Amino acid sequence: MDRISIKILILFFSLVLSLFVECKEKNDVLSFVDNKEITFSQLGINQSITLAGNASTAYLSFGSRLDEIVSKASLEFSFMPSPSLVASVSHMKVYLNDELMGVIVISDDKLGEKVNASLPLDSRFISNFNQLKFELIASNNSVNRQRDDSSIWVDISKSGRVSLQVQKSILATDLSLFPVPFFDERDFSHVSIPFVFPVEQDVAELTAAGVMASYFGAMANWRGVSFPVYIDKLPNQHAIVFATNEHKPAFIHDLPNVSGPMLQLITHPTNEYAKLLLVLGRDASDLTMAVQGLILGKSLLTGPIARVNSVTDLKPRKPYDAPNWVSTSRPVTFAELVDGPYQLETEGRTSSPISVSFNLPPDLFAWQSRGIPVKLSYRYSPMHNESGARMSFLVNGQFVEAFNLSEKGRSTEDTGIRIPLMDDLSIDNNTVSHIPGFRIDSENTMKFEFSFSSSINATNYSARQSHHYAVMDADSTLDFSGFSHYIKMPNLRAFASSGYPFSRMADLSETVVVMNDTPSLPEISLMLDTLGLIGSKTGYPAFKVMMLNNLLPESLNDKDILTIGSLLSSNTDVSFPDGAKLILNETSRQLALPVNNNKLGWATWFKSLEEDSDITGVVDVTSSGPFASMVAMESPYSSNRSLISLVASTEKDLSLIAEALNDSGKVAHMFGSVVTIQSGQVASFDVGNTFYAGQLPVVDLILFHFSFHPALLALCVLVIAFLLSVVLLRTLRQISARRLAAGGEK
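Below, the structure written as structure tokens:
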């Protein structure tokens, strides 16, 4: 082979090598490029957005994760413009973080019809938290072209989305970033955090995982959270691994034993863009201490490794002091109900309503309540007396009252009203109330809509303000103090919507979770999802939760009990005296439904005079489809305490429970003591004995329970009247006898 041929051959191999390297680099780049879609519904938009009037605006917010770099973005949405608009001067401007991204032209042939719009977003202006602004510039066909005419509007559909092309970035292996990358508050989507366990683990070792799940639930809040469980294998993403010296997953089997609670952040062995958090300890108590140290001491942690030397015993929580619940011991200001003062402000000619949301403990006693005192204080751009501008106050979507706006520019000092507090006694389980009021056991929302439309003639429009501002003062108050805590149990609506009765103590210090000695993967997953759900309701980690693998009476005394999965070796049999009886196995289901009886002793006996309390219906079916259930009852170990069992026909069907509890539509139909869950639907039954949890003043207690038994009340009144008559008669006879004995006149 001559010298030229050798050179050609070398050149050829060099070219092939360079092409190989280039292709590999491209594949590496593509390996961490991901396409994401953020729907308007994920951003809290549950209905169409209306832009009413010229220069009206609407806002949407979305975030960008710390471990992702947005390289490309676009906005896709549909809208319908009013048929009265003048197309030549009507259009919609879209801003991203106050930078104009584009203009959507409204054409003559699309007036009154659905318009699909797509707009690229400049990724250079995307930051951690981002705001999209829609602004309508429009005029109508009227001669005077009044800018606030009701015919000027555009409706933006709730089906829009923001599409992002993101590139994964390699984060530093540093515990100071925690809870990133496992949870990132910039990410508004549903939170999913894999938990990894060794092949063998006992229930006590799962306590640390339960505390961690409740912490992430508290952080996720409205986003929703789930915890996929992996046994002895890794997912190809960020994950949290639990291991003791005795029980370790195979991929860290060679990791040296630890001498105490330890936290270690490492890079995923097969995915350099993912991190693994190792929670290590000698035993179960070490794991729990490591998790507590991570949560409470995260501001002290730096670097990839940390050893938790000690955690001082946490101060016990008080009943009903969950951070996500409104305090019922004092008046609460609006400042305590929002994340920042910006949520109490609005601007624009047709401004967006100011919304204030809050949660209530589900056992507030609302019977014969005079309502909740609400003190409102607000400021706004001064209006002419004849303008007709007003502020409308709505509760849970229902109109309450309207207040006129004047040239003073602020509310009067005595703007106060009372709003009804409604519970299951005032609202039937199967109906929707049209009475405005604060619902117990659910999220409540107050809206304040400022309308600045004017009745001034359009020829005087130049003298009017082009922009308006309104602020609800942060010292406006709600006062739930003075209400007792008293609730009829069992109540699976309270459990599904608020985590009650376990959430009564935010740290779950009065809760015991009971599982099998060797829980299956679905049982572990349901336990984590349930504690995560309770954490999202309370806003606080379950630091004091106790986990057991058997029903030990001494450990269950004066505790609320949550059982996960079947605790029996054969069929799942959940039953209680004179109550609902549910028997499940893979193909057979039996549910006994006795008449609902109040556990009131003599009151129950009297009620039996009016109806037969022994009538019972029994349903026995054979079916092989997915089926799960939640059963609630009074604890057999303590009076006025609850036991809730989460069971299913098969282990894999347990996932139906977590899915239902994370579906607000299904939760709205849960109540009573038994909830059965099938694919796509739930059914609730209010059966079995009931009891009451909480305390009432003696007079209220008597009047409340007598109100359910008018016949008994009438009988008691007659008896009392008879006794008073007897006492009065005897007294009069004694007086008469004394007079006769003294020689008095007959």
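Sequential numbering from 4 applies to the sequence shown in my numbering.
We put the beta carbon where it would ideally sit given N, CA and C, even for glycine.
No experiment lies behind these values; they were computed from the predicted model shown.
Neighbourhood of residue i by C-beta, 6 Å cutoff - its chain only, sequence neighbours within 5 removed
i: Val157; result: Leu54, Phe82, Pro84 and Leu139
i: His271; result: Ala277 and Leu279
i: Val729; result: none
i: Leu167; result: Lys39, Val73 and Ala76
i: Tyr640; result: Pro556, Leu559 and Asn560
i: Ser229; result: Ser195 and Asp532
i: Val206; result: Met518, Met550 and Asn552
i: Ser682; result: Pro629
i: Val86; result: The amino acid at residue 86 is misidentified as Val; the sequence shows Pro. So the qualifying residues of the chain are Leu114 and Gly115.
i: Thr401; result: The displayed chain sequence assigns Gln, not Thr, to residue 401. These residues qualify, in order along the chain: Pro439.
i: Ser64; result: Gln134
Sequence-distant residues of the same chain with beta carbon closer than 7 Å to residue i, five excluded per side
i: Phe707; result: Trp370 and Leu699
i: Pro525; result: Glu654, Lys655, Leu657 and Ser658
i: Pro376; result: Gly419, Arg421 and Asp482
i: Pro504; result: Asp563, Ser645 and Ala696
i: Gly502; result: Leu536, Ile537, Lys540 and Thr541
i: Tyr543; result: Ala221, Ala325, Pro326, Ala509 and Asp510
i: Asn119; result: Ser81
Inter-residue CB distance, residue i and residue j (contact presumed, cutoff 8 Å)
i: Asp752; j: Ser380; result: No answer is possible for residue 752: the residues shown for the chain start at 4 and end at 749.
i: Gly1; j: Phe191; result: In the structure as shown, the chain starts at 4 and stops at 749, and residue 1 therefore has no counterpart that could be examined.
i: Leu266; j: Ala309; result: 5 Å
i: Thr448; j: Asn494; result: About 23 Å; that fails the 8 Å criterion.
i: Leu529; j: Leu649; result: 6 Å
i: Ser506; j: Lys547; result: 13 Å between Cβ atoms; not a contact.
i: Ile155; j: Asn57; result: 6 Å
i: Met104; j: Leu124; result: 5 Å
i: His241; j: Glu203; result: Not quite, the Cβ-Cβ distance comes to about 24 Å (not below 8 Å), so this is no contact.
i: Leu268; j: Arg189; result: Not a contact, Cβ separation roughly 20 Å.
Counted within 10 angstroms of its Cβ, other Cβ atoms place residue i as buried (16 or more) or exposed
i: Ala212; result: buried
i: Tyr345; result: exposed
i: Trp328; result: buried
i: Tyr62; result: exposed
i: Arg733; result: exposed
i: Phe725; result: exposed
i: Ala287; result: buried
i: Glu613; result: Caution applies to Glu613, whose pLDDT of 40 falls short of 50 and renders its modelled position unreliable; the value that the coordinates give is listed next. Glu613 should be labelled exposed.
i: Arg373; result: exposed
i: Ala466; result: Unreliable positioning characterises Ala466 in this predicted model, as indicated by a pLDDT of 42, which lies under 50. The coordinate reading is nonetheless provided below. It counts as exposed.
i: Lys321; result: exposed
i: Ala497; result: buried
i: Gln295; result: buried
i: Ala583; result: Note that Ala583 has pLDDT 48, beneath the 50 cutoff, so the model's placement of it is unreliable and no number is given.
i: Leu33; result: Below a pLDDT of 50, predicted positions are generally treated as unreliable, and Leu33, at 38, falls in that range; no measurement from the model is reported.
i: Pro184; result: buried
i: Ala216; result: buried
i: Asn362; result: buried
For residue i, the first and last residue of its enclosing beta strand (DSSP E)
i: Val199; result: Phe198 to Phe200
i: Pro84; result: Glu71 to Pro84
i: Arg393; result: Arg393 to Val398
i: Asp703; result: Asp703 -> not in any beta strand (DSSP E); alpha helix (DSSP H) instead, spanning Val701 to Phe709.
i: Phe132; result: Phe132 to Ile140
i: Met550; result: Met549 to Leu551
i: Glu753; result: Coverage of the chain is limited to positions 4 through 749, which leaves residue 753 absent and any answer about it impossible.
i: Leu565; result: Asp563 to Ile567
i: Glu350; result: Glu348 to Glu350
i: Glu404; result: Gln401 to Asn407
Start and end residues, alpha helix (DSSP H) containing residue i
i: Gly542; result: Taken as a continuous stretch (DSSP letters only), Gly542 belongs to no alpha helix (DSSP H), as it is neither H nor E.
i: Glu557; result: Pro556 to Leu559
i: Thr210; result: Leu209 to Ala223
i: Met292; result: Ala287 to Leu299
i: Lys450; result: Premise fails: Lys450 lies in the beta strand (DSSP E), Glu446 to Ser454, not in any alpha helix (DSSP H).
i: Phe694; result: From DSSP, Phe694 is part of no alpha helix (DSSP H) but of the beta strand (DSSP E) over Asn692 to Gly697.
i: Ser166; result: Run containing Ser166: none in the alpha helix (DSSP H); it sits in the beta strand (DSSP E), Arg164 to Lys171.
i: Glu249; result: Glu249 -> no alpha helix (DSSP H), and no H or E assigned at all.
i: Val670; result: Ser667 to Val670
i: Ala338; result: Unbroken run through Ala338: none, as it is neither H nor E.
Same chain only: Cβ atoms within 8 Å of residue i, ignoring 5 sequence neighbours per side
i: Asn239; result: His271, Thr273, Asn274 and Ala277
i: Ile255; result: Val244, Ala246 and Leu281
Contact with chain C by residue i, beta-carbon distance below 8 Å
i: Ser162; result: No chain C appears in the structure shown, which is made up of a single protein chain.
*Please go through the segment 630-656 and give each complete alpha helix (DSSP H) segment of 4 or more residues, from N-terminal end onward.*
Segments of the alpha helix (DSSP H) lying fully in the segment 630-656: there are none.
*Length-filtered (4 minimum) alpha helix (DSSP H) runs lying within the segment 461-508*: Those alpha helix (DSSP H) runs which fall completely within the segment 461-508 and span 4+ residues are 495-501.
*Entirely enclosed alpha helix (DSSP H) segments - the segment 707-742, minimum 4 residues*: none
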